[in-house]
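**Student:** Residue numbers (the working numbering): 1 to 273.
1) Is residue 173 buried or exposed, if buried means 16 or more other CB atoms sit within 10 Å of its CB?
2) On the DSSP bridge assignment, give the partners of residue 200 in chain order.
3) Below 8 Å between beta carbons: does that hold for residue 242 and residue 195?
4) Rounded to a whole number of angstroms, what is the C-alpha to C-alpha distance between residue 248 and residue 128?
5) Three or more beta-carbon pairs under 8 Å between the stretch 250-268 and the stretch 111-124, yes or no?
6) Measuring straight from C-alpha to C-alpha, what distance separates residue 94 and residue 108?
7) Considering residue 109, what are the terminal residues of the alpha helix (DSSP H) in which it resides?
8) In whole angstroms, what separates the C-alpha of residue 176 from that of residue 222?
9) Going by beta carbon distance, what residues of the same chain come within less than 7 Å of residue 255, once the five residues before and after it are set aside?
10) Determine the extent of the beta strand (DSSP E) in which residue 169 is found, giving its start and end residues.
11) Taking Cβ positions, are residue 66 and residue 34 nearer each other than 8 Å?
12) Quick one: measure Cβ to Cβ for residue 167 and residue 190, integer angstroms, because I've assumed they're closer than 8 Å.
13) On the DSSP letters alone, give me the boundaries of the beta strand (DSSP E) that residue 90 sits inside.
14) Give me the residue from 54, 125 and 229 with the minimum Cα distance to residue 273.
15) Tell me the DSSP secondary structure of residue 188 in three-state form.
16) Give the DSSP bridge partners of residue 40, in chain order.
17) What residue from 89, 211, 218 and 110 has the CA that sits closest to residue 233's CA?
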């Protein structure tokens, strides 16, 4: 009566069969094509994939090369770590140390790794600035009422002369300021600069956030249709709350998002201060 294969051996065969088939399909090869490349028959490749047989040792290197897979991955084994001369010397020296000395070495390694991590996070910080973006967009025509003037969220933008100069970011809502400011675009706003004639400014008027051009006649739109976009009169800035001067446009590239945002938020964590 034939003996059954050990479970571990059967599992290894099944794993290898699965990997060979998977990698062959990924390479876009038929069984006969793969067989011709490595010098075996198509039937042999079929037997490998059906878990009937396994490649011999002479065939393994050629098979792995054609399938672009390591021998350790094909066999389902972890590759052995190869140490160079000075690494072996360090390891042997570590093993000769007393437990307390070994702990000191581990602590030193952890500290050096932490310092490297902190430096990497600081490099990310130097490439971005953290700014506040008003959650309600600035109407470039007529907008809805502003429920909470302090409503805002934190955004991260790439460091550049405009982002470093601004104190706030505001999104544009509407088309009356086109083509200078398109609907949905963002602008950098400096709240520290006083309003001057000819400036593009962000203001709050009758509970609504606006972006307008400050002229002698008042706050105007770039769109010349004054019936659709009437001038907002400024009475000594008593009836209008000045937010700040627009110092430039925010490009989509400037704003951190997706994975990049996660990395930047992590870098700005107080843990790395």
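C-beta: ideal position from N, C-alpha, C; glycine also. Computed from a predicted structure; not experimentally measured.
**Tutor:** Judging by the given coordinates:
1) buried
2) 213
3) Yes, the Cβ-Cβ distance between residue 242 and residue 195 is below 8 Å.
4) Linking residue 248 to residue 128 through their CA atoms gives a straight-line distance of about 17 Å.
5) yes
6) In a straight line, the C-alpha of residue 94 is about 13 Å away from that of residue 108.
7) Taken as a continuous stretch (DSSP letters only), the alpha helix (DSSP H) holding residue 109 covers 99-127.
8) 6 Å
9) Once the five neighbours on either side are set aside, the close Cβ partners of residue 255 are 155 and 157.
10) 168-173
11) It is a contact, given that the beta carbons lie within the stated cut-off.
12) With a beta-carbon spacing of about 6 Å, residue 167 and residue 190 fall inside the 8 Å limit used to define contacts.
13) That residue, residue 90, is in no beta strand (DSSP E); its alpha helix (DSSP H) goes 85-96.
14) 125
15) Residue 188: strand per DSSP, three-state reduction.
16) According to DSSP, residue 40 bridges with nothing at all.
17) 218
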